[in-house]
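Residue numbers 5 to 148, in this note's numbering, belong to the letters of the sequence shown in order.
Yeah, the Cβ is synthetic: ideal placement off N, Cα and C, and Gly gets one too.
Below is one structure, written out as structure tokens; the observations come after it.
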Amino acid sequence: KDIGREVILAGWVHAVRDFGSLTFVDLRDSSGIVQLVFRGDPRARELGREDVIRVTGKVVGRENPNPNLPTGAVEVAVENLEILAKSKPLPFLPEEEVKASEETRLRYRFLDLRRPRMQRNLRLRHKVAMAIREYLDAHGFIEV
């Protein structure tokens, strides 16, 4: 339904695949991953994991849909790329499972919070806290 729509997306670079005249970038944000397609933009080849970018482009249907992604039927043909921040070398990547000590994960908490497991935990904690607040509010309690 979004095919043909002009979009502005921002997020972290999750993966880069360079095929010469075409560069594919997986862009990740809090809602998931979407594939970006760059045609002949040399800056796209220089993107690294966890760089922060903003792109403008058009949603198009993918030639080879990826059934493993909710957005796997579409991709964004990028018309404009803005690199907001380049990532420095990271002590670990925000993957599902991390082989880093607790001390390292705490020191780089901003990175640890990008992991899918941590995102799920935060969303669950938020929903539980909201349910408790709504219940107590409905029963005349006030929060102080």
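The three-state secondary structure of R121, taken from DSSP, is helix. Contact between the region 62–79 and the region 110–123 is absent, with fewer than three C-beta pairs closer than 8 Å.
In terms of Cα proximity to Q123, the closest of K5, S35 and F28 is S35. When the Cα atoms are used, E138 and R109 turn out to be separated by approximately 33 Å. Taken atom to atom, the span from the alpha-carbon of G52 to that of I87 is near 11 Å.
Within its own chain, the residues whose Cβ lies closer than 6 Å to the Cβ of E83, once the five positions on either side in sequence are excluded, are T60 and G61, listed in chain order. Secondary structure at D33: strand, using DSSP grouped into helix, strand and coil. A buried status is given to V38, since no fewer than 16 other beta-carbon atoms sit within 10 Å of its beta-carbon.
Residue range E10 to F23 is occupied by the beta strand (DSSP E) that includes E10.
Between the alpha carbons of L140 and E147 lies a gap of roughly 9 Å. In this structure, A48 lies near T27, with their beta-carbon atoms less than 8 Å apart. One Cα belongs to L31, the other to L40, and the distance between them is close to 7 Å.
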